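Colleague: Take this structure first; my questions come after.
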Amino acid sequence: MSCTTTFDEFDDLRLRYSIPGEIPLKIPGKKDTHSRPPRGYVTLFLESFKYGLRCCQSEPTVDEVKHLYQLKSSPKDAGWYYFQSSTKSRKPITDLPTGGGGTWKRKFFFAGGPWG
5 MSCTTTFDEF
15 DDLRLRYSIP
25 GEIPLKIPGK
35 KDTHSRPPRG
45 YVTLFLESFK
55 YGLRCCQSEP
65 TVDEVKHLYQ
75 LKSSPKDAGW
85 YYFQSSTKSR
95 KPITDLPTGG
105 GGTWKRKFFF
115 AGGPWG
């Protein structure tokens, strides 16, 4: 699946969401996929920012992440993992769109940082 993120969307994202200049951002090339970010980078989806994702300097603790989420592996895509709410009643993000044909998956980029 090739990336359709444009340079204009990329620049707008950094400005709109105040992504610090110290966080290197990279638009994927034609052969890059969201499931295989470059070493030292993570994959982020543009759509995620509309629903509350933010790039910040402070890192959550392991206990905070474990309290909200559990890591699941995709039964359909080998090597693809995602976070799911740890309980039905504990949903830090609600009212997410469903369906949509997965077009949001084509709008991604890579962000570098100390986690790599």
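To convert, note that position 111 of the sequence shown is 115 in this note's numbering; the numbers rise steadily by one, no gaps. Quick reminder that beta carbons are idealized off the backbone N, C-alpha and C, glycines included. It should be emphasised that the depicted structure is a prediction, and the values quoted were computed from it without experimental measurement.
(1) Please classify Leu17: does DSSP put it in a helix, a strand, or coil?
(2) Give the range of the beta strand (DSSP E) segment to which Leu75 is assigned.
(3) Mind checking who Ala115 pairs with in its DSSP beta bridge?
(4) From His71 to Thr8, what does the alpha carbon distance come to, in whole angstroms?
(5) Do the segment 11-28 and the segment 75-91 meet, that is, are 3 or more Cβ pairs less than 8 Å apart?
(6) Note down, in chain order, each residue of its chain lying with its Cβ closer than 6 Å to the Cβ of Thr10, except the 5 sequence neighbours on either side.
(7) Roughly how far, in whole angstroms, is the beta-carbon of Phe112 from the beta-carbon of Leu29, given that I think they are within contact range, below 8 Å?
(8) According to the neighbour-count rule (16 or more other Cβ atoms, all chains shown, within 10 Å of its Cβ), is Pro79 buried or exposed?
(9) Short check: CB of Ser77 to CB of Lys34, under 7 Å?
(10) What three-state label does DSSP hand Ser89 in the structure shown?
Modeller: So, from the listed chains and residues:
(1) For the purposes of this step, residue 17 is identified with residue 13 of the sequence shown, where counting begins at 1. Leu17 sits in a helix when the DSSP states are folded into three classes.
(2) As a first step, residue 75 is located in the sequence shown; it is residue number 71 there, counting from the start. Here the beta strand (DSSP E) through Leu75 covers 73-77.
(3) Here the question's residue 115 lines up with position 111 in the sequence shown. In DSSP, Ala115 forms a bridge with Leu29, Val46.
(4) As a working mapping, residue 71 is identified with position 67 in the sequence shown. As a working mapping, residue 8 is identified with position 4 in the sequence shown. Roughly 34 Å separates the two Cα atoms.
(5) No: fewer than three Cβ pairs fall under 8 Å.
(6) Locating residue 10 in the sequence shown gives position 6, counting from the first residue. Scanning its chain for C-beta atoms nearer than 6 Å, with the 5 sequence neighbours on each side dropped, one finds no residue around Thr10.
(7) Along the sequence shown, read from residue 1 onward, the residue named residue 112 stands at position 108. Along the sequence shown, read from residue 1 onward, the residue named residue 29 stands at position 25. With 8 Å as the limit, Phe112 and Leu29 do not qualify as a contact, their Cβ atoms being about 11 Å apart.
(8) Within the sequence shown, the letter at position 75 stands for residue 79. Around the CB of Pro79, fewer than 16 other CB atoms lie within 10 Å, so the residue is classed as exposed.
(9) On the sequence shown, position 73 is the one that residue 77 refers to. On the sequence shown, position 30 is the one that residue 34 refers to. Not in contact: Ser77 and Lys34 (Cβ atoms no closer than 7 Å).
(10) What you label residue 89 is simply residue 85 of the sequence shown in a count that begins at 1. The answer is strand: DSSP assigns Ser89 an E or B state.
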